[in-house]
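Peer 1: In the working numbering, the protein residues as written are 40 to 209.
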(Lines of atoms letter the chains of each structure in order from A and count residues from 1; the text may use other names and numbers.)
(Lines give C-alpha, C1' and ligand atoms only; values in the text may rest on other atoms or scores of the structure.)
Protein backbone atom coordinates (compact mmCIF):
# COMPACT_ATOMS: atom_id res chain seq x y z
CA UNK A 1 0.00 0.00 0.00
CA UNK A 2 1.21 3.50 -0.80
CA UNK A 3 2.64 5.15 2.38
CA UNK A 4 0.39 8.22 2.12
CA UNK A 5 -2.72 6.05 1.85
CA UNK A 6 -1.55 3.85 4.74
CA UNK A 7 -0.97 6.93 6.92
CA UNK A 8 -4.42 8.26 6.03
CA UNK A 9 -6.02 4.92 6.94
CA UNK A 10 -4.13 4.75 10.24
CA UNK A 11 -5.12 8.32 11.08
CA UNK A 12 -8.75 7.63 10.28
CA UNK A 13 -8.77 4.59 12.58
CA UNK A 14 -7.03 6.37 15.46
CA UNK A 15 -9.15 7.89 18.22
CA UNK A 16 -9.36 11.65 17.88
CA UNK A 17 -7.93 13.73 20.75
CA UNK A 18 -10.72 15.32 22.81
CA UNK A 19 -9.66 18.89 22.06
CA UNK A 20 -9.44 18.72 18.25
CA UNK A 21 -13.15 19.28 17.46
CA UNK A 22 -13.18 22.48 19.54
CA UNK A 23 -10.07 23.79 17.82
CA UNK A 24 -11.26 22.85 14.32
CA UNK A 25 -14.55 24.65 14.88
CA UNK A 26 -12.93 27.62 16.62
CA UNK A 27 -16.09 27.99 18.69
CA UNK A 28 -15.13 29.51 22.00
CA UNK A 29 -16.55 32.29 24.10
CA UNK A 30 -13.70 34.71 23.59
CA UNK A 31 -12.29 37.14 26.13
CA UNK A 32 -12.69 35.28 29.41
CA UNK A 33 -12.48 37.72 32.31
CA UNK A 34 -9.87 36.98 34.99
CA UNK A 35 -11.39 34.81 37.68
CA UNK A 36 -14.19 33.65 35.37
CA UNK A 37 -12.67 30.70 33.50
CA UNK A 38 -15.25 28.00 32.97
CA UNK A 39 -14.73 24.55 34.35
CA UNK A 40 -12.89 23.45 31.23
CA UNK A 41 -12.00 26.36 28.94
CA UNK A 42 -10.78 29.95 28.79
CA UNK A 43 -10.01 32.01 25.70
CA UNK A 44 -8.93 35.49 24.67
CA UNK A 45 -8.41 37.67 21.63
CA UNK A 46 -5.12 39.58 21.72
CA UNK A 47 -4.02 42.50 19.56
CA UNK A 48 -0.90 41.90 17.51
CA UNK A 49 1.75 43.96 19.20
CA UNK A 50 4.73 44.03 21.51
CA UNK A 51 2.58 43.43 24.60
CA UNK A 52 0.85 40.31 23.25
CA UNK A 53 3.38 37.80 24.57
CA UNK A 54 3.35 39.28 28.07
CA UNK A 55 -0.47 39.48 28.10
CA UNK A 56 -0.79 35.85 26.96
CA UNK A 57 1.61 34.66 29.69
CA UNK A 58 -0.27 36.59 32.38
CA UNK A 59 -3.66 35.26 31.27
CA UNK A 60 -2.37 31.68 31.09
CA UNK A 61 -0.79 31.88 34.55
CA UNK A 62 -4.00 33.28 36.07
CA UNK A 63 -6.03 30.40 34.63
CA UNK A 64 -3.54 27.80 35.86
CA UNK A 65 -3.87 29.22 39.37
CA UNK A 66 -7.67 29.26 39.08
CA UNK A 67 -7.70 25.63 37.88
CA UNK A 68 -5.19 24.52 40.58
CA UNK A 69 -2.70 23.53 37.88
CA UNK A 70 0.12 25.84 38.96
CA UNK A 71 2.56 22.89 38.83
CA UNK A 72 2.52 23.34 35.03
CA UNK A 73 3.19 27.08 35.13
CA UNK A 74 6.87 27.07 34.13
CA UNK A 75 6.37 24.85 31.09
CA UNK A 76 3.10 26.51 30.04
CA UNK A 77 4.55 30.00 30.39
CA UNK A 78 7.47 29.15 28.12
CA UNK A 79 5.32 27.34 25.52
CA UNK A 80 2.65 30.06 25.40
CA UNK A 81 5.43 32.62 24.90
CA UNK A 82 6.86 30.62 22.00
CA UNK A 83 3.49 29.97 20.33
CA UNK A 84 2.41 33.62 20.55
CA UNK A 85 5.82 34.82 19.37
CA UNK A 86 5.64 32.46 16.37
CA UNK A 87 2.14 33.69 15.50
CA UNK A 88 3.35 37.29 15.64
CA UNK A 89 6.65 36.73 13.86
CA UNK A 90 5.88 34.20 11.15
CA UNK A 91 2.32 33.18 10.48
CA UNK A 92 0.56 36.33 9.39
CA UNK A 93 3.61 37.83 7.76
CA UNK A 94 3.94 34.90 5.34
CA UNK A 95 0.42 34.47 3.98
CA UNK A 96 -2.75 36.55 3.80
CA UNK A 97 -4.76 36.27 7.00
CA UNK A 98 -8.29 34.92 7.24
CA UNK A 99 -10.82 37.79 7.22
CA UNK A 100 -11.12 39.31 10.67
CA UNK A 101 -7.78 37.94 11.90
CA UNK A 102 -5.38 40.39 10.25
CA UNK A 103 -4.46 42.18 13.48
CA UNK A 104 -5.30 39.68 16.21
CA UNK A 105 -4.30 36.31 17.55
CA UNK A 106 -6.28 34.14 19.92
CA UNK A 107 -5.24 32.08 22.93
CA UNK A 108 -7.37 29.18 24.15
CA UNK A 109 -6.82 26.92 27.15
CA UNK A 110 -8.79 23.70 27.56
CA UNK A 111 -8.61 21.04 30.23
CA UNK A 112 -10.02 17.62 30.86
CA UNK A 113 -8.96 15.55 33.82
CA UNK A 114 -5.22 16.04 34.26
CA UNK A 115 -4.66 17.19 30.68
CA UNK A 116 -4.27 20.80 29.58
CA UNK A 117 -4.14 22.13 26.03
CA UNK A 118 -2.86 25.61 25.21
CA UNK A 119 -3.60 26.72 21.66
CA UNK A 120 -2.80 29.89 19.72
CA UNK A 121 -4.79 30.85 16.64
CA UNK A 122 -3.61 33.13 13.87
CA UNK A 123 -5.13 34.00 10.53
CA UNK A 124 -2.67 32.10 8.36
CA UNK A 125 -3.47 28.72 6.81
CA UNK A 126 0.25 27.92 6.56
CA UNK A 127 1.09 25.14 9.03
CA UNK A 128 4.24 25.39 11.15
CA UNK A 129 7.22 23.16 10.46
CA UNK A 130 9.76 22.29 13.10
CA UNK A 131 13.30 22.54 11.82
CA UNK A 132 16.59 21.38 13.24
CA UNK A 133 17.62 24.09 15.70
CA UNK A 134 20.79 26.05 15.07
CA UNK A 135 22.02 26.65 18.60
CA UNK A 136 24.29 29.48 17.45
CA UNK A 137 21.45 31.43 15.82
CA UNK A 138 19.42 33.97 17.80
CA UNK A 139 16.09 32.55 16.57
CA UNK A 140 14.69 29.31 15.19
CA UNK A 141 14.37 27.16 18.31
CA UNK A 142 10.77 27.95 19.27
CA UNK A 143 9.05 24.77 18.12
CA UNK A 144 11.97 22.69 19.41
CA UNK A 145 11.33 24.21 22.85
CA UNK A 146 7.59 23.59 22.51
CA UNK A 147 8.37 19.95 21.71
CA UNK A 148 10.68 19.65 24.73
CA UNK A 149 8.38 21.28 27.28
CA UNK A 150 5.01 19.78 26.26
CA UNK A 151 3.85 16.18 25.97
CA UNK A 152 2.97 16.75 22.33
CA UNK A 153 2.13 19.58 19.97
CA UNK A 154 0.67 20.12 16.54
CA UNK A 155 -1.55 22.33 14.46
CA UNK A 156 -5.06 22.13 13.12
CA UNK A 157 -6.77 24.25 10.45
CA UNK A 158 -9.87 26.13 11.63
CA UNK A 159 -13.04 25.83 9.55
CA UNK A 160 -13.48 29.62 9.31
CA UNK A 161 -9.84 30.21 8.34
CA UNK A 162 -6.44 30.25 9.95
CA UNK A 163 -5.12 27.59 12.29
CA UNK A 164 -4.52 26.74 15.92
CA UNK A 165 -1.07 25.58 17.02
CA UNK A 166 -1.57 23.58 20.20
CA UNK A 167 0.51 22.00 22.95
CA UNK A 168 -0.62 19.29 25.37
CA UNK A 169 0.49 19.13 29.01
CA UNK A 170 -0.15 16.47 31.64
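Where a beta carbon is used, it is the ideal one built from N, C-alpha and C, also for glycine.
In this text the structure is predicted, and so the values were computed from the model without any measurement.
#1: Could you tell me if residue 55 is buried or exposed, where buried requires 16 or more neighbouring beta carbons within 10 angstroms of its beta carbon?
#2: Report the residue from 79, 147, 63 whose alpha carbon sits nearest the alpha carbon of residue 158.
#3: For residue 166, count the other beta carbons within 10 Å of its own beta carbon; 16 or more makes it buried, fewer makes it exposed. Which is it?
#4: Going by Cα to Cα distance, which pick from 57, 181, 160, 85 is closest to residue 118?
#5: When DSSP builds the beta bridges, which residues end up paired with residue 147?
#6: Could you pull the start and end residues of the alpha helix (DSSP H) that residue 113 belongs to?
#7: The beta strand (DSSP E) that contains residue 193, what's its start and end?
#8: If you measure between the beta carbons of residue 208 and residue 79, is that distance less than 8 Å?
#9: Please state whether DSSP places residue 206 in a helix, a strand or coil.
#10: Taking DSSP as the reference, what is the three-state secondary structure of residue 171?
#11: Can you tell me whether residue 181 is helix, strand or coil according to DSSP?
#12: State buried or exposed for residue 65, treating a residue as buried only when at least 16 other CB atoms are found within 10 Å of its CB.
#13: Grab me the residues of residue 58's own chain with a C-beta within less than 6 Å of its C-beta, minus the 5 sequence neighbours each way, in chain order.
#14: According to DSSP, is residue 188 helix, strand or coil?
#15: What residues in its chain sit with their C-beta under 6 Å from that of residue 154, if we drop five residues either side in the sequence?
#16: Would you tell me roughly how many angstroms separate the C-alpha atoms of residue 116 and residue 161, rounded to the nearest one?
Peer 2: Well, looking at it:
#1: Start at 1 with the first residue of the chain shown, and residue 55 comes out as number 16. By the neighbour-count rule (16 or more Cβ atoms within 10 Å), residue 55 is not buried but exposed.
#2: Against the chain shown, residue 158 aligns to sequence position 119. Considering only alpha carbons, the answer is 147.
#3: Indexing the chain shown from 1 puts residue 166 at position 127. It is exposed - the Cβ of residue 166 has fewer than 16 other Cβ atoms within 10 Å.
#4: Position 79 of the chain shown, counted from the start, is the residue given in the question as residue 118. Closest by alpha carbon: 181.
#5: In the chain shown, the residue the question calls residue 147 occupies position 108. Partner(s): 82, 158.
#6: The residue labelled residue 113 in the question sits at position 74 within the chain shown. Run containing residue 113: 112-125, per the alpha helix (DSSP H) assignment.
#7: Position 154 of the chain shown, counted from the first residue, corresponds to residue 193. Here the beta strand (DSSP E) through residue 193 covers 191-196.
#8: By 1-based counting over the chain shown, the position of residue 208 is 169. By 1-based counting over the chain shown, the position of residue 79 is 40. No, the pair does not count as a contact, with Cβ atoms beyond the cut-off.
#9: For this step, residue 206 is matched to residue 167 along the chain shown. Three-state result, residue 206: strand.
#10: As a position in the chain shown, residue 171 is number 132, starting the count at 1. Three-state result, residue 171: coil.
#11: Counting from one through the chain shown, the residue named residue 181 turns up at place 142. Three-state result, residue 181: helix.
#12: Counting from one through the chain shown, the residue named residue 65 turns up at place 26. Counting Cβ neighbours within 10 Å, residue 65 comes out buried, since at least 16 surround it.
#13: For the purposes of this step, residue 58 is taken as residue 19 along the chain shown, with counting starting at 1. 149, 156, listed in sequence order.
#14: Against the chain shown, residue 188 aligns to sequence position 149. Assignment of residue 188 by DSSP, reduced to helix, strand and coil, places it in the helix class.
#15: Translated into the one-based positions of the chain shown, residue 154 becomes position 115. Closer than 6 Å at Cβ, skipping near neighbours: 209.
#16: The count along the chain shown starts at 1 and reaches residue 116 at position 77. The count along the chain shown starts at 1 and reaches residue 161 at position 122. Straight-line measurement puts the Cα of residue 161 at about 19 Å from the Cα of residue 116.
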